[in-house]
Amino acid sequence: MAEKPLYVDISEKILSSIEQRNFNENSSLPSERALCERYHVSRSTIRQALNHLKFNGYIYTVQGKGTFVKPIVYEQNLFKFYSFTDELRNKNINVSNVIIGHELVSINDVLASKLGRKCNEIFHKIIRLRFADSCPIMIETIYLPQNRFYHIEIGKIEKGSMASYLTKKYDLQLDRVVETFRPVLPRYWQCDLLKISSKDPCTMLERFSYENYILIQYTVSIIRGDKYIFKTDLSRNYLGNNLPL
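Each number in my numbering corresponds to the 1-based position in the sequence shown with 1405 added.
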């Protein structure tokens, strides 16, 4: 087995310090000279290590100012059912929620048409702000039919996963999920909650969840574009001869 290059070893040590939060997002790294002294290597090795980290998206440089830690961006693979809570916790990221509002609403004809339900049906409407490592990531507005989910324990969905709660309490078994995405600019009240400006682009995600082919949950999420991305990994094995060029 080939020996790992020295610059890769140094880059991994710097990355470990970043992941341990020894450097905050957008904070500057020590100078090349300071890094040379810390790791007892040459400046050329430090430059290779920094270039390696930059290529892999962990740091960025500003001409004349130095090298900085790139903000963390959370990634979601779209080729499977997923839970925001479970996905991030599997990456050792602390997930928390704050319930902004919960009420029973009678859906209007516009929402009824979108959901394929009857006008004036009663739904739970839940709005929650979601955090990853204390950073606000998204605002969710969730609609659940009361005739399927009679009582929602707000304390439990504030502390944990909505999907896990509904599965355990109501034996929810989803068999289909349809999602649509589009870029949006946040409204002013959303900016306040997400700690962004009205010019920062977001993703609006609409999620239609089905049980026995009946729509059972509708969620609209406003997601920070600088902190959360969605990924699709296409392969010839999956697409056959329809791989786009």
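Using N, Cα and C, we set each Cβ at its ideal position, and we do this for glycine too.
Asked	Found
C-beta contact flag for D1538 and N1502 at 8 Å	no
Cutoff 7 Å; reference S1416; Cβ partners in own chain excluding five residues on either side	A1454, H1457, L1458
Range of the contiguous alpha helix (DSSP H) that encloses N1456	1448–1460
Other residues of its chain near T1546: CB distance less than 8 Å, five sequence neighbours each side excluded	K1530, I1531, I1532, T1624, V1625, S1626
I1504 beta carbon less than 8 Å from that of H1559	A small fix is needed here, since residue 1559 is Ile in this sequence, not His. Yes, these two residues count as a Cβ contact at 8 Å.
Within the stretch 1543–1620, ranges of the beta strand (DSSP E) (whole runs, at least 3 residues)	1581–1589, 1607–1616
Buried/exposed call for S1436, threshold 16 Cβ in 10 Å	exposed
Proximity to N1513 [Cα-Cα], best of Y1548, G1630, Y1633	Y1548
Alpha helix (DSSP H) segment containing E1417, residue limits	1411–1424
Among N1431, K1600, A1517, K1632, nearest to T1472 - alpha-carbon criterion	N1431
L1434 (DSSP reduced to helix, strand or coil)	coil
Cβ pair P1541, L1610 closer than 8 Å	no
Selected residue, minimal CA-CA separation from S1511, among G1521, N1525, L1520, S1518	N1525
Nearest-angstrom beta carbon gap, F1554 and L1571 [assumed within contact, 8 Å]	7 Å
Sequence-distant residues of its chain with Cβ nearer than 6 Å to R1612 (five each side left out)	E1584, T1624
CA-to-CA distance, P1410 to R1448, given in whole angstroms	15 Å
Neighbour-count burial assignment, E1424, 16 or more Cβ in a 10 Å radius	exposed
Contacts around R1438, its chain only, beta-carbon distance under 8 Å, and the 5 residues preceding and following it disregarded	R1448
Other residues of its chain near R1535: CB distance less than 6 Å, five sequence neighbours each side excluded	N1502, I1542, M1543
Spatial neighbours of Q1595 in its chain, beta-carbon cut-off 7 Å, leaving aside the 5 residues before and after	I1544, I1627
Through-space distance from K1523 to N1617, alpha-carbon basis	18 Å
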